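The block underneath contains the structure these notes are about, expressed in structure tokens.
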Amino acid sequence: MLRAIFVGLSNVEALRKFATKNKIARKTASRFIAGEELKDGIEAAKKLNLNNIEVTMDFLGENTKTEKEAWACAKEITKIMEAIKRENIWGNVSIKLTQLGLDLGEEFCEGVLRFLFDGAKSKNIFVRIDMEGSPYTQKTLNLFYKLYEEYKNIGIVIQAYLYRSYEDVEKIISLGARIRLCKGAYKEPKSIAFPKKSQVNENFIKIMKRLLDSKIYHAIATHDEKMIKATIEYAREKGITKDRFEFQMLYGIRRDMQLKLVKEGFKVRVYLPYGTHWFPYYMRRLGERPANLFFILRNIFKG
Ligand code: FDA
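According to numbering that gives the first Met the number 0, the sequence shown is numbered sequentially starting from 0.
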């Protein structure tokens, strides 16, 4: 319910314009976003690296409306990769296909992706393709399948809330590709997604087990202690060592857990977003946890 409201609001242009200029909104968003510029992202990456936490850097943006905008995003992502190399950052990048022109046509987007993946390949950097709302699921997978034939340095995301996901996982595993498993952050209808949290969790665990069994290096992306515990227990039961998979979490969320897992010898990667187009990302984060609303209200009253 809360998620549906916030995901709905994330598409309201007037609200986006208001929020991105509003001091309090910017301040509260900074909990989840490293800053507005690449240097902010790099600085945050270095701090995380010092704590033995890897990063996946994300230049915020989605649903670009012009080719020029999509190319500008691709160039910024290239700058991230250059900075990762130059500054010896322990990390990779995450991208969204609608940021890179998917709404402008699959062919156009493919061209932009080839430019990016060539650059990533030459720098030996891994690129993770985020998964967006269901209108893009098949299109994203189609482009991934096509480009994975040529670029082995790319991976994809699977959302446990979609009914189709287990089957998609089988296909991706058969290719030998790497998956990030998450619960799913968008508003989806009952016809295609599990409506209950308990069902999503059940599917998450089912897929997690399949991923760990596959012997491919995958990522389990969650802050849910139950999911994390289930993963650790399953790995222990099956004798899967800690270097065979990684946990991933979002910047600013459950920092205590990130550090605890690292201390216990697990690999942890933090999704690290920066940029000025933070509004939809921020709204999805707010919708995930009612307590975040109190955090905002507290800031409003503090002035
Ligand atoms: P759940 O929502 O059940 O939360 C469990 C606990 O985690 C909460 O009780 C709270 O303690 C903490 N928590 C979770 N969200 C919080 C928040 N916003 N603020 C504060 N605390 C919070 N989705 C997607 O559709 N496509 C994608 O490509 C990705 N990519 C991605 C990468 C990474 C690294 C992560 C961690 C997540 C994603 N997601 C995503 C988002 C994902 O689908 C999901 O919406 C969030 O991770 C929240 O789900 P949890 O698994 O954390 O569980």
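Yeah, the Cβ is synthetic: ideal placement off N, Cα and C, and Gly gets one too. For clarity, every value in this text was computed on a predicted model and none was experimentally measured.
- Where M248 is concerned, the enclosing beta strand (DSSP E) starts and stops at 244-249.
- In terms of side-chain proximity, the C-beta atom of N21 is found no nearer than 7 Å to any non-hydrogen atom of ligand 1.
- The three-state secondary structure of M130, taken from DSSP, is coil.
- Contact between G183 and F31 does not hold, since their C-beta atoms are separated by about 18 Å, which reaches or exceeds 8 Å.
- Taking a cut-off of 8 Å for Cβ pairs, the segment 265-285 and the segment 32-40 touch, as three or more such pairs fall below it.
- If the five residues before and after G264 are omitted, its C-beta is found closer than 7 Å to the C-beta atoms of K241, all from its own chain and listed in chain order.
- The beta carbon of M256 is closer than 8 Å to those of H222, E224, I227, M248 in its chain, skipping five residues each way along the sequence.
- In the assembly as shown, P279 is a buried residue. Its beta-carbon has 16 or more other beta-carbons within 10 Å.
- Taking the Cβ of K182 as the reference point, at least one heavy atom of ligand 1 falls within a distance shorter than 7 Å.
- Within its own chain, the residues whose Cβ lies closer than 7 Å to the Cβ of D39, once the five positions on either side in sequence are excluded, are A33, Y273, listed in chain order.
- When the five nearest sequence neighbours on each side are left out, the beta carbons in the same chain lying within less than 7 Å of the beta carbon of I215 are those of I172, G175, R177, in order along the chain.
- Membership of N91 in the beta strand (DSSP E) is indicated by the continuous run 90-94.
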